[in-house]
Amino acid sequence: MLGTLQWFAYIIFQLFLGPSIAFVISLGFLLILTGAFHEDGFSDFCDGIGGGWKREDILRIMKDSRVGSFGAAGISLLLVLKILGASESLASTGFRLHHIQYFWNDQLTSVWLYFISAHSLSRFFSVLMMLLLPYAKEEGYAKPMAKEITWSQTLFASLAGLIPFLLLSYQHPYFLMSLVFIIPSLYYMYSLMKRWIDGFTGDCLGAVQQVVETCIWISGVFVWTSI
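Under my numbering, the first residue of the sequence shown carries the number 27, and numbering increases by one thereafter.
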């Protein structure tokens with residue numbers, strides 16, 4: 027749903043503006059819809075991992091609603107990478123809708139699936155992290171979800187997360203190259219959580235989602251130029 031809404035906003039604004047500006051506006055639209063929920067988690071994650079040396083300190087810093095130096099720097103770099111990666115990727119597709127009366131075609135479908143995959147696949151890996159690690163805090167909004175997640179819910183999340191990406195990869199097999207970016211980044215995130223807090227928190231899940239989504243946007247630069 028979020029991917030489709032962002033894609034629709036992008037399509038509308040690129041009628042009048044270039045791909046880069048249209049994506050930035052669509053990203054702003056998405057941040058308003060979600061309340062920058064996952065971005066806030068990524069910022070807290072950066073503050074905690076960057077500013078704490080003990081498990082208790084890291085969890086305490088993550089819980090603090092204030093944004094520190096590491097959080098501000100991290101979210102700034104993330105947004106720059108996301109915007110530049112997506113802008114270059116979308117420009118590389120050669121897709122441009124010049125007027126509203128336009129028939130649906132394969133290129134439009136590919137761009138739509140690209141937006142959906144960025145959101146659905148990143149959330150799938152957040153769910154996967156919940157299965158790989160225990161919940162790190164005694165209390166928290168993610169604890170009930172972490173304790174009660176079932177295999178049927180995991181299967182649904184897997185299908186919802188993987189199907190758009192698999193359809194896109196079926197259209198353009200080069201998109202499997204994005205896993206070259208995603209898997210090492212995901213392993214690094216897992217290693218940080220395992221080493222420093224021996225588990226995950228809600229902020230960690232938001233950070234995983236943001237990192238994977240950004241990897242998908244960046245990998246598109248290489249993928250679209252290879253098609």
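The C-beta atom is built at its ideal place from N, Cα and C for all residues, glycine as well.
In this text the structure is predicted, and so the values were computed from the model without any measurement.
| Check | Outcome |
| --- | --- |
| Meets three-Cβ-pair contact criterion under 8 Å: the segment 202-214 and the segment 239-247 | yes |
| Contact belief for VAL237 with GLU114 at Cβ below 8 Å, rounded distance in angstroms | Incorrect: roughly 18 Å between the Cβ atoms, too far for contact. |
| Straight-line Cα distance separating MET155 from ALA4 | This structure gives no information on residue 4, because the portion of the chain shown stretches from 27 to 253. |
| Inter-residue spacing [alpha-carbon to alpha-carbon] between GLY76 and LEU85 | 12 Å |
| First through last residue of the alpha helix (DSSP H) which encompasses MET215 | 204-222 |
| Neighbourhood of GLN197 by C-beta, 8 Å cutoff - its chain only, sequence neighbours within 5 removed | ASP132, THR135, SER136, LEU139 |
| Three-way DSSP call (helix, strand, coil) for PHE226 in this model | strand |
| Start and end residues, alpha helix (DSSP H) containing TRP79 | Where TRP79 is concerned, there is no enclosing alpha helix (DSSP H), given that its DSSP letter is neither H nor E. |
| Pair within 8 Å by beta-carbon distance, ILE189 and ARG81 | no |
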